[in-house]
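Below: the structure, in structure tokens.
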Amino acid sequence: MRDLFGEPGTPANGVDVAGVDEVGRGPLAGPVVAGAVVLDPARKIDGLKDSKELTPDQREELAAAIRDGAAAWALGRAEVVEIDRINILRATLVAMRRAVDALAADVRVAYIDGNMAPSIDGCATVTVVGGDAKVPAISAASIIAKVARDAEMVAAGARFPGYGFECHKGYATAVHLAALKKLGPTPLHRQSFAPVGDAARQPMLF
């Protein structure tokens, strides 16, 4: 795995290799968001690791450093209507492809977190299970995606009070499930996910 860390003489020393990761596969609400990052070997970013192992403040600080110091970065997303139409796995791959396509760089290889990869025109893909803890570019992608999606769900908390989106970010916590049962689903909820489908049989409030 040494070549994934940008050592001399490896593909990761160029600006044509991206790391890709997603956040938001598991929640009952909100989009799935993918990040794609091409790191600049001349501008080392300290502290990169799996976004889940960082505090919110650490993620915010690192996201700013990534946006400032990476050779290129971009976000891709799949909306709730797409998740419901094509399923969450396919929507995740769509979001990843959109993130890579949005990069302002000639990416030839993309390291993808997990064991499945999207098809990307003109770009080879390499899957890395646990890549967000192993490959710095994937870690960076997970961080910018997490920060962006979390900010969106905090804003959703103001739009749809009573659900606690600002706290659980759409995941199936006890608070969220209780609110869903009491208030019914919002337009942000994924109708194809069982708890939401059950709640949808109640009168809609939105």
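Start counting the sequence shown at 40; every next residue gets the next number (our numbering). We treat Cβ as the ideally placed atom computed from N, Cα and C, and that holds for glycine.
Compare the beta carbon distance of residue i and residue j with 8 Å and say whether it is the shorter of the two.
i	j	result
A144	A111	yes
V71	A130	yes
R246	L67	What is shown of the chain runs 40 to 245, which leaves residue 246 out entirely.
A75	A57	yes
N151	R136	Per the sequence presented here, residue 151 reads as Ile, with Asn not at that position. No, Cβ-Cβ distance for I151 and R136 is not below 8 Å.
D55	V148	yes
Quick one: what does DSSP say residue i is sitting in, helix, strand or coil?
i	result
I84	coil
E118	coil
G74	strand
G63	coil
G45	For G45, the predicted structure reports a pLDDT of 44, less than 50, and the residue's modelled location is therefore unreliable. The matter cannot be settled from this model.
A180	helix
V146	coil
T94	coil
A110	coil
D237	helix
T131	helix
D160	coil
D152	strand
A213	helix
When you compare only the Cα positions, how much space is there between residue i and residue j?
i	j	result
A138	A113	6 Å
S181	K221	33 Å
A190	Y202	16 Å
C162	A218	43 Å
E61	L128	11 Å
G308	R198	As shown, the chain starts at 40 and ends at 245. That puts residue 308 outside it, with no answer to give.
R98	G223	32 Å
G115	A238	29 Å
A233	G65	12 Å
C153	A176	One point to set straight first is that residue 153 is Gly, not Cys, in the sequence displayed. Their backbone Cα atoms lie some 14 Å apart in a straight line.
P47	V193	Note that P47 scores 28 on pLDDT, short of 50, meaning its location in the model is unreliable and no value can be drawn from it.
D79	A156	23 Å
V120	K208	18 Å
A184	G236	27 Å
G69	E118	7 Å
A172	R82	20 Å
L132	V186	19 Å
D140	G169	23 Å
L142	A109	11 Å
P200	L87	34 Å
S231	T225	13 Å
V59	E100	19 Å
Compute the minimum distance between the beta carbon of residue i and the heavy atoms of the ligand SAH, and state whether it is under 7 Å.
i	result
D171	Here there are no bound small molecules, and the ligand SAH is not part of this structure.
Step through the CB atoms of chain B and report whether any lies within less than 8 Å of the CB of residue i.
i	result
F232	Looking at the structure shown, chain B is missing, and only one protein chain is on hand.
So residue i packs on residue j, CB below 8 Å; how close in whole Å?
i	j	result
V165	V77	That pair is no contact at about 14 Å.
D85	S178	In fact, because the Cβ distance is near 12 Å, the residues do not count as touching under 8 Å.
K195	L227	The sequence shown places Ala at residue 195, not Lys. Right, the Cβ-Cβ distance comes to about 6 Å (below 8 Å), so this counts as a contact.
### Message
Any contact between the segment 210 to 229 and the segment 102 to 116? By contact I mean 3 or more CB pairs, one from each, below 8 Å.
### Response
no
### Message
Taking contact to mean 3 or more Cβ pairs, one atom from each stretch, closer than 8 Å, check whether the segment 124 to 133 and the segment 91 to 98 are in contact.
### Response
no
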